[in-house]
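J.:
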Amino acid sequence: MFGFSDHGKLAGSDFCLYNNAGDGQLIDGYLGVNLEPKIDVHQDCNLISFDKHNGHLVFRRKFTTCDIRDYAVENITQKQKLYSDILAVILGIIFFGIDTSKTSLAQLNSFWRLVMEHLNP
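Under UniProt numbering, think of the first position of the sequence shown as 1, with each following residue one higher.
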């Protein structure tokens with residue numbers, strides 16, 4: 001799952017979710033008020049490739065989709081933040097050997113926060 005939010009909360013956030021337990025499709029969705037996942041009517045997350053053997057997932061989503069349910073990354077500051085957040089996760093997986101298949105979301109989020117604090121003191 002890859003999430004987008006401009007308010008720092010889970011409720012109302014936008015996400016792209018790879019369904020590896022099902023048919024292997026990428027789902028565009030959002031979290032409701034009670035954190036219930038909902039599938040977006042407009043599917044804007046496009047799966048490019050997935051390698052089950054090494055866990056590499058590549059997808060594409062426009063910064064601005066014109067969908068009211070999708071988070072729009074509109075200015076350079078947001079794009080820089082998004083890039084630095086992605087870099088933090090990549091650094092955690094590559095350089096620190098985090099096995100995402102055996103790591104909880106809470107552990108990944110904690111690691112992410114630590115890296116971001118280091119990158120943006």
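Don't be surprised by glycine CBs; every beta carbon is placed ideally from N, CA and C.
Starting from the C-beta of Met1, find all residues in its chain whose C-beta is less than 6 Å away, skip the five residues before and the five after it, and write them out in chain order.
T.: Hits under 6 Å: Phe15 and Leu17.
J.: Drop a sphere of 10 angstroms on the beta-carbon of Gly29, count the other beta-carbons inside from all chains shown, and report buried for 16 or more, exposed for fewer.
T.: The residue in question, Gly29, is buried, as its Cβ has 16 or more Cβ neighbours within 10 Å.
J.: Does DSSP put Gly29 in a helix, in a strand, or in coil?
T.: Here Gly29 sits in strand by DSSP.
J.: Can you tell me whether DSSP reads His56 as helix, strand or coil?
T.: Three-state result, His56: strand.
J.: Would you grab the beta carbon distance between Ala11 and Val41 for me? Rounded to a whole angstrom, and I think it's under 8 Å.
T.: With 8 Å as the limit, Ala11 and Val41 do not qualify as a contact, their Cβ atoms being about 19 Å apart.
J.: Around the C-beta of Cys45, are 16 or more other C-beta atoms found within 10 angstroms, so that it is buried, or is it exposed?
T.: Buried, since its Cβ has 16 or more Cβ neighbours within 10 Å.
J.: Classify Leu17 as helix, strand or coil using the three-state DSSP reduction.
T.: Looking at Leu17 - three-state DSSP - the assignment turns out to be strand.
J.: So, are the CB atoms of Arg61 and Ile48 less than 8 Å apart?
T.: Cβ atoms of Arg61 and Ile48: not closer than 8 Å.
J.: In this structure, does DSSP put Gly24 in helix, strand or coil?
T.: Gly24 falls in the coil class under three-state DSSP.
J.: Quick one: what's got a C-beta closer than 8 Å to Lys9's C-beta in the same chain, skipping five residues either side?
T.: Correct list: empty, nothing qualifies.
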